[in-house]
């Protein structure tokens with residue numbers, strides 16, 4: 001069964017998303033309620049859904065990016081670099097200056 005996107009704006013935003021994770025909550029849900037759906041969008045196409053949680057979706061997104069040889073979107077390159085190299089500790093020997101500064105601040109407890 002496929003859920004339909006009720007809000008036209010949400011659908012348009014999803015179609016314009018180059019690379020990302022989406023999360024759906026039931027209408028009227030509290031912030032602490034479980035997510036109804038979690039999935040991945042690549043180049044405006046929903047490629048995976050029912051991934052359970054955001055952490056799982058992000059890990060799968062990195063696997064897809066690696067296996068499909070996708071580049072980070074330019075406007076999110078530092079976000080993805082920090083996720084990959086600082087949070088996930090993958091290939092963390094070479095960091096950009098911005099990522100290294102953030103990593104240092106995180107480890108010093110200044111962020």
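Residue numbers (this note's numbering): 1 to 111.
The beta carbon of each residue, even a glycine, is placed where N, CA and C say it ideally should be.
On the premise that residue j lies in contact with residue i, defined as a C-beta separation below 8 angstroms, what is that separation, rounded to the nearest angstrom?
i	j	result
residue 54	residue 23	6 angstroms
residue 106	residue 86	7 angstroms
Identify every residue that forms a DSSP beta bridge with residue i.
i	result
residue 90	In DSSP, residue 90 forms no bridge with anything.
residue 108	BP columns for residue 108 are empty, so no partner.
residue 39	22
For the beta strand (DSSP E) holding residue i, just list the boundary residues, first then last.
i	result
residue 23	19–24
residue 46	45–48
Can you check whether the CB of residue j is closer than 8 angstroms to the CB of residue i?
i	j	result
residue 83	residue 58	yes
residue 47	residue 14	no
residue 16	residue 52	no
residue 78	residue 96	yes
residue 38	residue 18	no
Measuring alpha carbon to alpha carbon, tell me which of the options ends up nearest residue i.
i	options	result
residue 36	45, 73, 42, 49	49
residue 112	109, 64, 103	There is no way to answer for residue 112, as the model of the chain reaches only from 1 to 111.
residue 62	34, 91, 30	91
Between which two residues does the alpha helix (DSSP H) holding residue i run?
i	result
residue 12	8–16
residue 63	54–67
residue 79	77–81
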